[in-house]
Amino acid sequence: MKQSPIGHGTFTVAALALAAFVLSSNATVSAADQPMPKSKPEESPEKTGEPAFRNIEGAAAFEDVMPDGLLKARAELAFRHLQEPYFQWNNLSRVNFEPFPGDAIGRTINGLTLLSQALHQPEPASLKEIMRRVPTVTNADGYLGPKLPESRANEDTMAGHNGYTYGLAEYALWTKDPAAKESLRRMVANLFVPARAAIAGYRETSEAKVDWHLSGGDVGQFFTTLDGMTRAYALVPSPEFKATIETAIERYRKLDLVGLSAQTHAMLSAATGILRWYEFHHRPEDLAFAEALYKQYRTLAMTETYENYNWFNRPEWTEACAVSDSFILTVNLWRLTGRANYLDDAHLILFNGLLPGQLHNGGFGTGPCVGHATGVCRTKGHNEAPFCCSMRGGEALARAIQYSYFQAKDTVVLPFYSNDTATLRFAEGACKLRQETGYPHKGRARLEVIESQVNKEKTWRFFIPSWAVRDSLEIRVNGKKAEARLADSFAEILAPLVAGTIIEVTFQQERGPRAAVQSSQAPGSYRHFDGPLLLGSSTEKAEEPLVPILDLLGPGGSGGEPYVYFPNGKTQPATNITHKTPNLADTAQVFRRDATPARLSDDVVKLLGTLKQDPTSVICAYVWSSPQQVRQVVLQWPESAAMPQPEAVVLRWLDAGKVHAAAQPGIIGNGRQWVYTLGKTPEGAAVDGFVLAAKRAEGMLEALAVPGVEVLGNIPAMPSKRESDGNKPDALNGQALPQPGSKQ
Ligand SMILES: [Zn+2]
22 MKQSPIGHGT FTVAALALAA FVLSSNATVS AADQPMPKSK PEESPEKTGE PAFRNIEGAA
82 AFEDVMPDGL LKARAELAFR HLQEPYFQWN NLSRVNFEPF PGDAIGRTIN GLTLLSQALH
142 QPEPASLKEI MRRVPTVTNA DGYLGPKLPE SRANEDTMAG HNGYTYGLAE YALWTKDPAA
202 KESLRRMVAN LFVPARAAIA GYRETSEAKV DWHLSGGDVG QFFTTLDGMT RAYALVPSPE
262 FKATIETAIE RYRKLDLVGL SAQTHAMLSA ATGILRWYEF HHRPEDLAFA EALYKQYRTL
322 AMTETYENYN WFNRPEWTEA CAVSDSFILT VNLWRLTGRA NYLDDAHLIL FNGLLPGQLH
382 NGGFGTGPCV GHATGVCRTK GHNEAPFCCS MRGGEALARA IQYSYFQAKD TVVLPFYSND
442 TATLRFAEGA CKLRQETGYP HKGRARLEVI ESQVNKEKTW RFFIPSWAVR DSLEIRVNGK
502 KAEARLADSF AEILAPLVAG TIIEVTFQQE RGPRAAVQSS QAPGSYRHFD GPLLLGSSTE
562 KAEEPLVPIL DLLGPGGSGG EPYVYFPNGK TQPATNITHK TPNLADTAQV FRRDATPARL
622 SDDVVKLLGT LKQDPTSVIC AYVWSSPQQV RQVVLQWPES AAMPQPEAVV LRWLDAGKVH
682 AAAQPGIIGN GRQWVYTLGK TPEGAAVDGF VLAAKRAEGM LEALAVPGVE VLGNIPAMPS
742 KRESDGNKPD ALNGQALPQP GSKQ
């Protein structure tokens, strides 16, 4: 954090606006302090006469916060992971490239760019290589993948470029690399701006509808691009680009996201972009829209661990991409509205959703704890989704470090507490301080000014969360009690910044039961907390001592498979839940069209006969000698082979002679993992056998790969007492989940 860019006489108005804008997206002020390529006046977003942003509470510049403790350890782990072979050019340039060109590459550029800055590390060699080689795989128009038709109405390609766009934008901001900025400019001109008419007609059903190629299950995925587009706009603004972004916001406003069971990651990314647009242009409707989107998410799709349902109406798993989005969104909603409830949420998301969800290898992925408020939710280490979540989680960690300090002119704002060394910058000069804290476990922070060029007193604002015990707040300056003014959940004091000054902030944190996030679904239900920390049980019995899930899960955690949600009543021993659901595919007779020789067993022939299935369009078939209870069928399409569109294939199963067809699969990450859920109950459906087949045999099967198949059944019998308690054991969710990393 540095002084307001105002006063740097060398900056153009555009640069000022840019610097202020970037507050929400990057190391703001590093952009202001270093010579920046000057924007051409005719491209300035300011030419429309919108106000410059002079009073925005800017997040710290990365270079001004040297993290320590928890956030540093987690960010370092993510940083190392993102330089492992999976994320190096030779592999990365193939990951996602066909279905979502630019997605994995861009997310990696972004993750490494932000983590390098947050950890004060030089640009990694792997990032340099990516940046050097990515131009060799663009098409003639400067974007990735095949050239699109005039309309650009291809949701997969457009959504894939969200990552590439924000990756380039952050990289250009950091390195000032003119080539990255030029790539961005071409992508805007040749991909986004020409899509404007198609965007206006996204999912439009009237006569005038645009013929979109839509992404399978991830409804609304196109609108993730609002994140990338708004970040790009700060660097390469133009009137046409502005119109395109506003068209996207307009169209998004009209979609019934809940009715469409839209993807929540896309929605939260879009909301972040819309909020950034508000910061840019101060249209009140944009702020209202971003707030409404978050409210909708929190009411309908947030889990008891402050993670997400991957889609509205479909609590099937959580995804760290969305959790990262929700963290960034809530901090910035607080920053722009001043409403402290957003900051409360940001703390809860960070310490219960985001950090416990980090894998031991540093990556991020999907989690099982989507139980709604009708029972026990059992969480556990997440399954990595390296093609998307690991990089997005990297951004969240970098932001968590950056968001440790904000500054509004002469006021220093601490919305979080973290171990670090920070540089504060004022008109008179800089000041360096060290913070040590027991937070989130204890409401205690100690700040010591180490060096200072500032003699005057400054205003300090410390966040006092809603779980602070009333009247327990105490602030001491050099051992003497200071009179703090409480406003908007912040305690405000005036204190000098001279070297040697010590400020100590303490408050007690409430410990005990609190209402569930989705309490409306089970009135009276609650979970246990200690301050911001959601408590679970590390033992077989939920009655045993409760430990924060932050300390159980994630790297450095003590392990265990904790309950994290306690219904209104005693929870049950977990003994039966520890069984691993078997992969029923192992016990089936199998036909795969890539098997040699591709021979059909008698039972498979019988199955196809009963299903009246043309054998030439069968991709694979599984049949058992007795009916199986099947909850989900998980397909993993090989990364490097042709894959059909979900609409072009059908999964049908037989139950005692009756034929059923599965609904469209849920699709995660890069689109290569599909999850069919069979039946409508948690127990799944009785299945004699099933067939995955193309709807039409012609044309598609020669080149088609056969996916790995995992067939997840019901878990072994649960304690019957739980049913009689009326608490449905939705820990089922903990077993019947896709594993993005697994391959058959
Ligand atoms: Zn993801």
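First residue of the sequence shown? That's 22 in my numbering, and the numbers climb one at a time after it.
Where is the CB? At the ideal position from N, CA and C, for every residue including glycine.
Check	Outcome
Rounded C-alpha distance that separates Ala516 from Asp365	25 Å
Helix, strand or coil at Asn111 [DSSP, three-state]	helix
Straight-line Cα distance separating Ala451 from Gly762	Confidence is the limiting factor: at Gly762 the pLDDT is only 33, short of 50, which leaves the residue's position unreliable and the question unanswerable from this model.
Beta-carbon proximity check, Arg491 vs Phe511, cutoff 8 Å	no
Option in Ala341, Ala291, Ala253 and Leu281 with minimal Cα separation from Glu271	Ala291
Contiguous beta strand (DSSP E) assignments of at least 3 residues, all confined to the region 460-521	465-473, 478-484, 495-498, 506-508 and 511-517
heavy atom of ligand 1 below 7 Å from Glu660 C-beta	no
Helix, strand or coil at Val625 according to DSSP, with G and I counted as helix	helix
Any non-hydrogen atom of ligand 1 closer than 7 Å to Ala341 Cβ	yes
Status (buried if at least 16 other CB within 10 Å, exposed otherwise) for Ser647	exposed
Own chain, CB closer than 6 Å to Leu518, minus 5 neighbours either side, in chain order	Cys452, Val470, Ser473, Val475 and Lys479
8 Å Cβ cutoff met for Ser236 and Ala180	yes
Contact under 8 Å by Cβ, Arg224 with Leu276	yes
Ala684 classed as buried or exposed, judged by whether at least 16 other C-beta atoms fall within 10 angstroms	exposed
Arg413 CB to nearest heavy atom of ligand 1 below 7 Å	yes
Helix, strand or coil at Phe333 according to DSSP, with G and I counted as helix	coil
Any non-hydrogen atom of ligand 1 within 7 Å of Cys390 CB	no
Cβ contact (3+ pairs, closer than 8 Å) linking the region 433-453 and the region 605-625	no
3 or more residues per run - each beta strand (DSSP E) lying fully within the region 353-395	386-388
Gly521 versus Asp85: straight-line alpha-carbon distance, rounded	19 Å
Endpoints, the beta strand (DSSP E) within which Gln610 is located	Gln610 to Arg613
Where the alpha helix (DSSP H) through Lys275 begins and ends	Pro260 to Lys275
Assigned exposure category for Lys401 - 16 Cβ within 10 Å defines buried	buried
Close beta carbons around Lys168, own chain, < 8 Å, minus the five adjacent residues each side	Asn160, Ala161 and Asp162
Among Leu672, Arg652 and Pro636, the one whose alpha carbon lies nearest that of Glu719	Pro636
Selection from Pro106, Arg360 and Gly378 that minimises the alpha carbon distance to Tyr327	Gly378
Burial state of Asp14, where buried means 16 or more other Cβ atoms lie within 10 Å	Nothing about residue 14 can be reported from this structure: the residues present for the chain run from 22 to 765 only.
Continuous alpha helix (DSSP H) stretch holding Gly415: start and end	Cys410 to Gln423
Between the CA atoms of Arg95 and Gly384 - distance to the nearest angstrom	10 Å
Secondary structure of Glu810, DSSP reduced to three states	A query on residue 810 cannot be resolved here, the shown segment of the chain reaching from 22 to 765 and no further.
Nearest candidate by alpha-carbon position, reference His549, set Leu350, Ala536 and Ile130	Ala536
Limits of the unbroken alpha helix (DSSP H) element including Ser579	From DSSP, Ser579 is part of no alpha helix (DSSP H); its letter is neither H nor E.
Close-in-space but distant-in-sequence residues of the same chain around Arg337 (CB under 8 Å, 5 per side omitted)	The question names Arg, yet the displayed sequence has Glu at residue 337. Hits under 8 Å: Tyr330, Asn331, Val391, Gly687, Val696, Thr698, Asn754 and Leu758.
Inside the region 170-258 only - alpha helix (DSSP H) runs reaching at least 4 residues	176-196, 199-208, 217-221 and 246-254
Span separating the alpha-carbon of Leu289 from that of Ala367	14 Å
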